[in-house]
Amino acid sequence: MATFLVTGGCGFIGSHLCERLEQQDHHVRVLDDLSTGRRDNISDDVELIVGDVADPDCVARAMDNVDGCFHLAAIASVRRSVEDWLGTHETNLTGAITVFNEAARPNRSGVPVVYASSAAVYGDNQEMPLRENSATQPITAYGADKLGCELHARVASRVHRIPTCGLRFFNVFGPRQDPSSPYSGVISIFIDRLLNRRPLTIFGHGGQQRDFVFVGDVVDHLLAGMGSMTAEPRIFNVCGGVGTTILELAGILGETVGIAPALHFAPAQTGDIQLSIGDPARAAILNLGTRTTLREGLRLTVDFVRPAVAA
Ligand code: NAD
Ligand code: UD2
0 MATFLVTGGC
10 GFIGSHLCER
20 LEQQDHHVRV
30 LDDLSTGRRD
40 NISDDVELIV
50 GDVADPDCVA
60 RAMDNVDGCF
70 HLAAIASVRR
80 SVEDWLGTHE
90 TNLTGAITVF
100 NEAARPNRSG
110 VPVVYASSAA
120 VYGDNQEMPL
130 RENSATQPIT
140 AYGADKLGCE
150 LHARVASRVH
160 RIPTCGLRFF
170 NVFGPRQDPS
180 SPYSGVISIF
190 IDRLLNRRPL
200 TIFGHGGQQR
210 DFVFVGDVVD
220 HLLAGMGSMT
230 AEPRIFNVCG
240 GVGTTILELA
250 GILGETVGIA
260 PALHFAPAQT
270 GDIQLSIGDP
280 ARAAILNLGT
290 RTTLREGLRL
300 TVDFVRPAVA
310 A
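In terms of numbering that gives the first Met the number 0, the sequence shown is numbered consecutively and its last residue is 310.
1) Under a Cβ-count criterion, where at least 16 other Cβ atoms within 10 Å of its own Cβ denotes burial, should ILE284 be classed as buried or exposed?
2) Contact check, GLY165 vs SER116 under 8 Å by CB: the rounded distance?
3) Can you give me the Cβ contacts of VAL77 inside the same chain, cut-off strictly under 7 Å, excluding the 5 residues immediately before and after it?
4) So is the beta-carbon of GLY184 under 7 Å away from any non-hydrogen atom of the ligand NAD?
5) Look at the alpha carbon of PRO174 and the alpha carbon of SER187, and state the distance between them as a whole number of angstroms.
6) Among ALA1, PHE3, HIS15, VAL5, which has the Cα closest to the Cα of ASP219?
7) Taking the continuous beta strand (DSSP E) assigned at ARG167, which residues delimit it?
8) I need the straight-line Cα distance from VAL81 to VAL110, nearest angstrom please.
9) Would the beta-carbon of PHE189 fall within 8 Å of that of ALA249?
10) Give me, in chain order, the residues of the same chain whose beta-carbon lies closer than 8 Å to that of HIS25; leave out the 5 immediate sequence neighbours on both sides.
11) Taking one C-beta from the region 243 to 259 and one from the region 64 to 78 each time, how about it: are there three or more such pairs within less than 8 Å?
12) Under the criterion of a Cβ to heavy atom distance below 7 Å, does ASP201 qualify as lining the ligand UD2?
13) Quick test of the definition: if touching needs 3 or more C-beta pairs under 8 Å, does the region 151 to 163 touch the region 222 to 240?
14) Quick one: give me the first and last residue of the beta strand (DSSP E) that HIS151 is part of.
15) Under the three-state reduction of DSSP, which class applies to VAL241: helix, strand or coil?
16) Since THR243 and GLN208 are thought to touch, with beta carbons under 8 Å apart, how far apart are those beta carbons, to the nearest angstrom?
17) Near GLY10, which residues of its chain fall below 8 Å by C-beta distance, leaving aside the five closest residues on each side in sequence?
18) Is it buried or exposed for SER156, if we count other Cβ within 10 angstroms and need 16 for buried?
19) Indicate, with yes or no, if the ligand NAD has a heavy atom lying under 7 Å from the CB of ASP210.
20) Let me check one thing: in DSSP terms, what residues is THR6 bridge-paired to?
21) To the nearest angstrom, how far is the alpha carbon of ASN195 from that of PHE303?
22) Does the distance from the C-beta atom of ASN236 to that of PHE211 stay below 8 Å?
23) Between ARG107 and ARG19, what straight-line distance do the alpha-carbon atoms span, to the nearest angstrom?
24) Can you tell me whether GLY8 is buried or exposed, with buried defined as 16 or more other CB within 10 angstroms of its CB?
25) I'd like to confirm the pairing. Which residues does DSSP put opposite ASN236 in its beta bridges?
26) If you draw a straight line from the C-alpha of ASN286 to the C-alpha of HIS263, how long is it?
27) Taking the Cβ atom as the reference point for each residue, do ASN100 and LYS145 lie within a distance shorter than 8 Å?
28) Look up GLN22 in the DSSP assignment and say whether it is helix, strand or coil.
And the structure:
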């Protein structure tokens with residue numbers, strides 16, 4: 000049994016990770032400011048510190064006596080980073096450096112850190128599929144800050160001897176993804192709207208493609224990353240390798256929910272990437288199990304959401 004810190008553990012991906020760590024009998028501590036995360040996403044057995052990941056005192060308290068840290072806290076929205084450049088930067092990059100800096104304190108003997116990066120680091124690179132050694136050319140503050148996390152992780156590993164593993168999540172979906180904000184992930188918004196018989200908004204022509212990955216598979220990658228740390232800083236894509244257009248997604252979701260979607264077209268969003276399809280080959284060295292297909296994952300997600308909407 001080990002003790003793990005999960006920053007952002009009350010959020011969508013973090014709460015699934017906490018659940019899995021607890022199933023493996025680990026002690027779990029969460030640092031979260033509850034800005035988008037919720038206390039009731041995690042069990043009462045999880046130790047929660049409510050605080051800011053960019054506050055060195057909070058992070059110092061949270062990292063006491065841990066065997067490893069999963070750093071997931073972030074303002075996870077491209078569009079918010081367009082509207083609040085400096086505010087999102089404070090959490091998304093300063094927060095990560097605060098975590099690495101604390102992990103490197105001499106009294107801690109090098110806390111290993113697995114952290115969330117994003118497909119947004121590839122920006123408008125059009126060479127599909129995107130491989131870990133493809134050019135990174137972010138076009139939003141969110142993508143630039145995630146790339147900054149990777150550069151500082153490299154410093155943490157090379158200079159301060161902290162084992163780090165960065166995971167470039169593509170578009171993650173699954174139960175507990177919050178649909179309530181306009182910044183939420185497209186799948187959570189579309190399911191919520193379909194079940195409430197409201198039209199789906201398609202930004203732009205809807206031909207933009209995304210590589211959707213189910214949250215359970217993301218947790219597999221996080222655990223495998225922590226379990227196979229090396230002295231060299233490593234980075235892996237977390238993706239399925241399959242592109243789906245937003246219009247195709249609307250159609251598949253309509254079939255899954257059993258309601259034909261009404262579509263409303265709106266102007267393309269600033270900073271919206273057209274193509275994002277990853278190559279999952281390198282992550283195979285993490286020895287992961289079978290992946291969840293988009294249709295299976297959507298069915299699991301709709302089955303989770305439907306009873307709450309019906310109530
Ligand atoms: P989320 O918003 O559900 O979770 C983020 C959590 O971080 C929330 O619980 C929030 O309250 C917390 N948080 C935000 N700012 C904080 C701060 N200053 N201090 C402490 N806690 C703070 O988002 P998510 O989808 O679960 O994303 C988790 C991580 O994965 C993020 O780093 C995100 O950038 C990354 N990511 C997500 C996706 C995706 O498709 N969801 C894709 C790529 C990368
Ligand atoms: C980005 C990152 C992803 C992750 C996420 C953080 C890329 C390619 N992906 O996701 O890895 O970091 O940010 O949460 O950089 N859309 C609609 N209608 C809606 C909502 C969205 O058409 O109601 C479109 C949107 O314009 C975009 C696509 O759906 O083309 C996906 O949008 P998203 O907000 O779910 O995620 P995205 O790709 O910005």
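Glycine included, every Cβ here is placed at the ideal spot set by N, Cα and C.
In short, the structure shows the following:
1) Classification for ILE284: exposed.
2) 5 Å
3) ALA119, THR139, TYR141, GLY270
4) GLY184 Cβ: within cutoff of the ligand NAD.
5) 9 Å
6) Selected option, being the one with the closest Cα: HIS15.
7) 163 to 168
8) Just so you know, the alpha carbons of VAL81 and VAL110 end up roughly 33 Å apart.
9) yes
10) MET0, ALA1, THR2, PHE3
11) no
12) Contrary to the premise, residue 201 reads as Ile rather than Asp in this sequence. Result yes, Cβ under 7 Å from the ligand UD2.
13) They touch, by the three-pair rule.
14) In the DSSP annotation of this structure, HIS151 is not part of any beta strand (DSSP E); the continuous alpha helix (DSSP H) holding it starts and ends at 140 to 157.
15) In this structure, VAL241 counts as coil in the three-state DSSP scheme.
16) 6 Å
17) ASP31, THR35, GLY36, ASN40, LEU71, ALA72, ALA75
18) Under this definition SER156 is a buried residue.
19) no
20) LEU30, HIS70
21) 15 Å
22) no
23) 25 Å
24) buried
25) ARG167
26) Using only the alpha carbons, I get a separation of about 42 Å.
27) no
28) helix
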